[in-house]
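Let me begin by presenting the structure, written as structure tokens, before commenting on it.
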Amino acid sequence: MDCLDENSVLALLGNALLPQRAAEVHDHLDECEQCRRLVAGAVRAARPSGPFLAAPSPPSLLPPGSRLGRYVVQQFIGAGGMGLVYAAYDPDLERKVALKLVRTDLHGDGEECRLRLVREGKAIAQLAHPNVVTVFDIGLTGEQAFVAMELVEGGTLGSWLRERPRRWREILRAFLDAGQGLAAAHQAGVVHRDFKPENVLIGAEGRPRVSDFGLARPPPRPSATEARPVTSSTAHLTQTGALLGTPAYMAPEQLAQGVCDTRSDQYSFCVALWEALYGSRPTPRTGAGEPTPRQLKVPRWVENALRRGLSEDPRERFPSMEELLRVLRSEPVRRARVRWALATLAILAAGIPLAIRQGASQSACMGLGRSAEQL
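Number 285 in our numbering belongs to position 285 of the sequence shown; there are no gaps in the numbering.
Listed below in structure tokens is the structure:
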């Protein structure tokens, strides 16, 4: 499984994970030192009267047939630290939807969590892009806020990568599609702040869609302090003990709680793509490090583009996601054109001697013809 995000840490310390998920998290902590440090820091940051010591029970699930507004719950899909997700049916429009609800078992009245859920719905609703999950509705039933969105019947980019070994071109193509969704969010003035393979859904038709905009924010105002390089990789926690994002994919300035902008999303994207191509994450604080053996034969120009996107100083990264995607997309086209041009020249070069011989033969034949006429 992937490294823990803030929601999973909160749920773990609050004893609010479902049994199967709790077992997966504990198994992961046995192997991941970075996540163990994150959990230990969250424990130290918790106040004695804080929610971590309250030990709430795992969430009670809505039974099939329950109604939220006009939506009819069909089945439970999954849970995170912030939300519960159900497959549901919209009888008015006769379509399946996904309903995302706030977890009140972990957050009490959940006012902040409700605000984040509504913010997520509004952030996605601004976008109309094939590589972003579509939001249909935001509702409130009593104290329960929910977002109705497109039900993507498939898996995540993470599960897609784990299904079987894939060629580097296939991996790059999937990430380019996901990157288009992230770029569309940036164009709409939204910074995702938690891009990772598990937050990209892939439908049965194979189209990636960026999801989980619960941490999304508008980019900082021009007058705000510019995102800058940091010298410490320590992940500082907020007053609630929560680190907003997933540490393994976060940019250095985000880990240090500095200003987070679109270049921070670019860094997270490059971490995820590097991991998908090379089988391991970039080395912390030392740049991208050396790639693993090139079983996938990833070309140097892809590696160079990722290294720039992984620069510790945000100013040294690409100026935008669009520019990074352009570099990742255009180089293969250019090289293909060069190969085509060389092949064309080779064919033409091979044809020149033949044309000369044919021309000489035709001249000889014409000469013989004239000689015969004279006779």
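Glycine residues also receive a C-beta, built at the ideal position from the N, C-alpha and C atoms.
Just so you know, these numbers come straight off a predicted model, no measurement behind them.
Original post:
Are the CB atoms of Glu322 and Ala183 nearer to each other than 8 Å?
Top reply: Residue 322 sits at position 322 when you count from the first residue of the sequence shown. Residue 183 sits at position 183 when you count from the first residue of the sequence shown. In this structure, Glu322 lies near Ala183, with their beta-carbon atoms less than 8 Å apart.
Original post:
Sorted by chain position, which residues of the same chain lie with C-beta nearer than 6 Å to Lys100's C-beta, five sequence neighbours on each side aside?
Top reply: As a working mapping, residue 100 is identified with position 100 in the sequence shown. Once the five neighbours on either side are set aside, the close Cβ partners of Lys100 are Gly83, Val85 and Val147.
Original post:
Which residue or residues does DSSP assign as beta-bridge partners of Asp137?
Top reply: Locating residue 137 in the sequence shown gives position 137, counting from the first residue. The secondary-structure analysis by DSSP pairs Asp137 across a beta bridge with Ala148.
Original post:
Near Thr231, which residues of its chain fall below 6 Å by C-beta distance, leaving aside the five closest residues on each side in sequence?
Top reply: Position 231 of the sequence shown, counted from the first residue, corresponds to residue 231. Because the pLDDT at Thr231 is just 34, under 50, the model does not fix this residue reliably, and the value given afterwards should be weighed accordingly. Around Thr231: no qualifying Cβ.
**OP:** From the DSSP output, in three-state form, read off Leu127 for me.
**Re:** In the sequence shown, counting from the first residue as 1, residue 127 sits at position 127. Here DSSP, grouped into helix, strand and coil, assigns Leu127 to coil.
Subject >> Option in Val190, Ala128, Leu157 and Gly121 with minimal Cα separation from Ile138 >> reply: Within the sequence shown, residue 138 is the residue found at index 138, counting from 1. Just measuring C-alpha positions, the residue of Val190, Ala128, Leu157 and Gly121 sitting nearest Ile138 is Gly121.
Original post:
the ligand MN heavy atoms versus the CB of Glu150: any closer than 7 Å?
Top reply: The ligand content of the structure shown is nil, which means the ligand MN is not present either.
Original post:
Looking only at its own chain, which residues have a Cβ that is under 6 Å from the Cβ of Leu172, when we skip the five neighbours before and after it?
Top reply: Translated into the one-based positions of the sequence shown, residue 172 becomes position 172. Closer than 6 Å at Cβ, skipping near neighbours: no residue.
**OP:** Return the Cβ separation of Phe136 and Val190 in integer angstroms, given the expectation that the two are a contact with Cβ distance under 8 Å.
**Re:** In the sequence shown, counting from the first residue as 1, residue 136 sits at position 136. In the sequence shown, counting from the first residue as 1, residue 190 sits at position 190. About 18 Å separates the two Cβ atoms, so there is no contact after all.
**OP:** In the DSSP assignment, find the unbroken alpha helix (DSSP H) run with Gly78 in it and report its ends.
**Re:** For the purposes of this step, residue 78 is taken as the residue at position 78 of the sequence shown. Counting along the chain, Gly78 falls outside any alpha helix (DSSP H), though it belongs to the beta strand (DSSP E) covering Tyr71 to Ala79.
Original post:
Alpha carbon to alpha carbon, how far is Val25 from Gly179?
Top reply: Start at 1 with the first residue of the sequence shown, and residue 25 comes out as number 25. Start at 1 with the first residue of the sequence shown, and residue 179 comes out as number 179. About 28 Å.
Subject >> Cβ-based neighbour list, Gly69, same chain, cut-off 6 Å, excluding 5 preceding and 5 following >> reply: As a first step, residue 69 must be located in the sequence shown, where it is residue number 69. Residues of the same chain with a CB within less than 6 Å of the CB of Gly69, apart from the 5 flanking positions on each side, are Gly139 and Thr141 in chain order.
Subject >> Same chain only: Cβ atoms within 7 Å of Gln266, ignoring 5 sequence neighbours per side >> reply: Here residue 266 refers to the residue found at position 266 when the sequence shown is read from its first residue. Shown here for Gln266: same chain residues with a beta carbon closer than 7 Å to its own, the five before and five after excluded, namely Gly309, Arg317, Phe318, Met321 and Leu324 in chain order.
Subject >> Gly279, DSSP secondary structure in three states >> reply: Looking up residue 279 in the sequence shown gives position 279. Coil.
Subject >> Under 8 Å between C-beta atoms of Ala88 and Val132 >> reply: Translated into the one-based positions of the sequence shown, residue 88 becomes position 88. Translated into the one-based positions of the sequence shown, residue 132 becomes position 132. Result no, Cβ atoms of Ala88 and Val132 do not sit closer than 8 Å.
Original post:
To which residues of the same chain is Thr234 closer than 6 Å at the C-beta, ignoring the five residues directly before and after it?
Top reply: Locating residue 234 in the sequence shown gives position 234, counting from the first residue. Confidence at Thr234 is low in this model, with a pLDDT of 33, below 50, so its placement is unreliable and the value that follows should be read with caution. Taking Thr234 as the centre and dropping the five residues before and after it, the same chain places no C-beta closer than 6 Å to its C-beta.
Subject >> Nearest to Arg21 (by Cα), restricted to the options Ile202, Gly78, Gln74 and Asp90 >> reply: Taking the sequence shown and counting its residues from 1, the one referred to as residue 21 is at position 21. Answer by Cα proximity: Gly78.
Original post:
Taking the alpha carbon of Glu111 as the point to measure from, which residue in Glu143, Arg95, Pro165 and Arg307 has its own alpha carbon closest?
Top reply: Within the sequence shown, residue 111 is the residue found at index 111, counting from 1. Selected option, being the one with the closest Cα: Glu143.
Original post:
Would the beta-carbon of Ser268 fall within 8 Å of that of Lys196?
Top reply: Residue mapping note: residue 268 aligns to position 268 of the sequence shown, counting from 1. Residue mapping note: residue 196 aligns to position 196 of the sequence shown, counting from 1. The beta carbons of Ser268 and Lys196 sit closer together than 8 Å.
Subject >> Alpha carbon of Arg162 to alpha carbon of Leu277, nearest angstrom >> reply: On the sequence shown, residue 162 is found 162 positions in, with the first residue counted as 1. On the sequence shown, residue 277 is found 277 positions in, with the first residue counted as 1. Going from the Cα of Arg162 to the Cα of Leu277 covers about 12 Å.
Original post:
What three-state label does DSSP hand Gly203 in the structure shown?
Top reply: As a position in the sequence shown, residue 203 is number 203, starting the count at 1. DSSP places Gly203 within a strand segment (E or B) once states are collapsed to three.
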